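Structure, as structure tokens:
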Amino acid sequence: MRSGRFDYSSIVKPIGDNIYNIDIPIPHDLKNFNLYVLLGKEPTLIDTGPYHPTLEEVVTGCLNYLGVDSLSRILITHSHMDHCGLAGRIAHITGAEVLAHELERERMEGGREHMAGEYERYASIAPSFGFPEEMLRQVFESMQPWLDLIKPCPLSSSLQGGELIPAGDYELEAIHTPGHTAGHLCYFERKRGLLFSGDHLMRSITPNPELYWPPRDGRITGLGQFIESLQLLKDYEISRAFPGHGRAIKQVARRIGFNLLHHERRLESTREAVMEGNSTVWEVAVKLFPQVPGQPPGVDYFLALKEALGHLVILEEAGAIARKDERDLFRFLPLTG
Ligand SMILES: [Zn+2]
Ligand SMILES: [Zn+2]
1 MRSGRFDYSS IVKPIGDNIY NIDIPIPHDL KNFNLYVLLG KEPTLIDTGP
51 YHPTLEEVVT GCLNYLGVDS LSRILITHSH MDHCGLAGRI AHITGAEVLA
101 HELERERMEG GREHMAGEYE RYASIAPSFG FPEEMLRQVF ESMQPWLDLI
151 KPCPLSSSLQ GGELIPAGDY ELEAIHTPGH TAGHLCYFER KRGLLFSGDH
201 LMRSITPNPE LYWPPRDGRI TGLGQFIESL QLLKDYEISR AFPGHGRAIK
251 QVARRIGFNL LHHERRLEST REAVMEGNST VWEVAVKLFP QVPGQPPGVD
301 YFLALKEALG HLVILEEAGA IARKDERDLF RFLPLTG
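Everything in the sequence shown is counted per the UniProt record's numbering, starting at 1 for the first residue and increasing by one.
Structure follows, in structure tokens:
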């Protein structure tokens, strides 16, 4: 056991037979990162947290504390840096293979350069949202420090969903739950009904939908997929969900129902905003999130735009509002006639 400057007994928490939660507090709205370790024949880590030298010390210290010096594999829920930025380093140290959905490969392997390219592409869509491009550039400028939290991580092989993967003494089923990202995976232990839910299902927050730009398979938002992915979980007998942030969820069906209701309410607020004459993504975002304008440029602007876009697109696809673009500008209008 390694002794160091961290109190591992307060970070590493048993949550089942040979299953541990590494609960790392952070000074951020997300409050913490949850990693999970399944011990046994094939020691497995689910998610790693972002790249940071101190965090690397904490995670390797926690693994040592659990008596783990090598890992069979690291399972990644999705390609956001707070879940996989450290994966390459931990794989290097522990000899683990790294698995994630194929659709997450580009981001995981591309690291910083790929992410910077994504920011650039997203900034170019600002005029379509009726949002000043220069300001969206400032938003991404403010997010530049995040790029230090990613190290490229080659995948050993990729998943599609449906695979059964040995983990500790258990077997986990990869469930493809797209929406928050295109290749988000939850991992499900069927015998005990344990779901490792990443950012797809959390206890007190709902995740932001992915913006697909350029469009992916004709979609520009992941919100429709996200809602379908929530419905999909109803088919599984889940006794407890272990999310990427926040505490475990005991009443899983209730939480899924609550999240679906949350989006229905937001759809209604979005429809009302359009009826009142707000027609661009940004105008609707301001109605949904009145606290955002007036803030200095930061990620909240981007999150508000993505939320508004997602709900507008769902309403338009359902025939509840109309879309009439003016050149590059997306415009959403009440139905006439
Ligand atoms: Zn995420
Ligand atoms: Zn996250």
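Cβ atoms here follow ideal geometry from the backbone N, Cα and C, with glycine treated the same way.
Treat the numbers as computed from the prediction; the structure is a model and nothing was measured.
So, is Ser9 buried or exposed, given that buried needs 16 or more other C-beta atoms within 10 angstroms? exposed
What is the DSSP secondary structure of Arg247, reduced to helix, strand or coil? coil
Mark Glu317 as exposed unless 16 or more other C-beta atoms lie within 10 angstroms of its C-beta, in which case mark it buried. exposed
Separation of Asn34 from Thr221, as counted between CA atoms: 26 angstroms
Can you determine whether any heavy atom of ligand 3 sits closer than 7 angstroms to the C-beta of His28, and answer yes or no? Absence of ligand 3 from the depicted structure is noted, with ligand 1 and ligand 2 being the only ligands included.
Close Cβ partners of Arg266 (< 8 angstroms) along its chain, the five nearest in sequence each way excluded: Leu288, Glu307, His311
Whole-number beta carbon distance between Tyr51 and Leu159, since they are thought to touch under 8 angstroms: Actually they are not in contact, since the Cβ atoms of Leu159 and Tyr51 sit about 22 angstroms apart, beyond 8 angstroms.
So, for residue 338: in the same chain, excluding its five sequence neighbours on each side, which residues have a beta-carbon less than 8 angstroms away from its beta-carbon? Lying outside 1 to 337, the shown extent of the chain, residue 338 is not represented and no answer is given.
Taking 7 angstroms as the cut-off, is the CB of Asp82 close to at least one heavy atom of ligand 2? yes
Just tell me which of Tyr301, Pro207, Val274, Ser279 has its CA closest to the CA of His263. Pro207
heavy atom of ligand 1 below 7 angstroms from Pro207 C-beta: yes
Count the other CB atoms, across all protein chains shown, that sit within 10 Å of the CB of Ala241; report buried if there are 16 or more and exposed otherwise. buried
Neighbourhood of Leu86 by C-beta distance below 8 angstroms, restricted to the same chain and skipping five residues each side: Thr48, Gly49, Pro50, Tyr51, His52, Leu55, Glu56, Val59, Lys151
How should Arg107 be labelled, buried or exposed, when 16 other C-beta atoms within 10 angstroms of its C-beta is the threshold for buried? buried
Leu194 and Val313 closer than 8 angstroms at C-beta: no
Tell me whether the beta-carbon of Thr77 lies closer than 8 angstroms to the beta-carbon of Gly198. yes
Inter-residue spacing [alpha-carbon to alpha-carbon] between Phe6 and Gly319: 55 angstroms
If distances are taken between C-alpha atoms only, which option among Met135, Ala248, Tyr65, Ile15 comes closest to Gly294? Met135
Compute the beta-carbon to beta-carbon distance between Val281 and Met143, rounded to the nearest angstrom, for a pair I have assumed lies under 8 angstroms. Not quite, the Cβ-Cβ distance comes to about 19 angstroms (not below 8 angstroms), so this is no contact.
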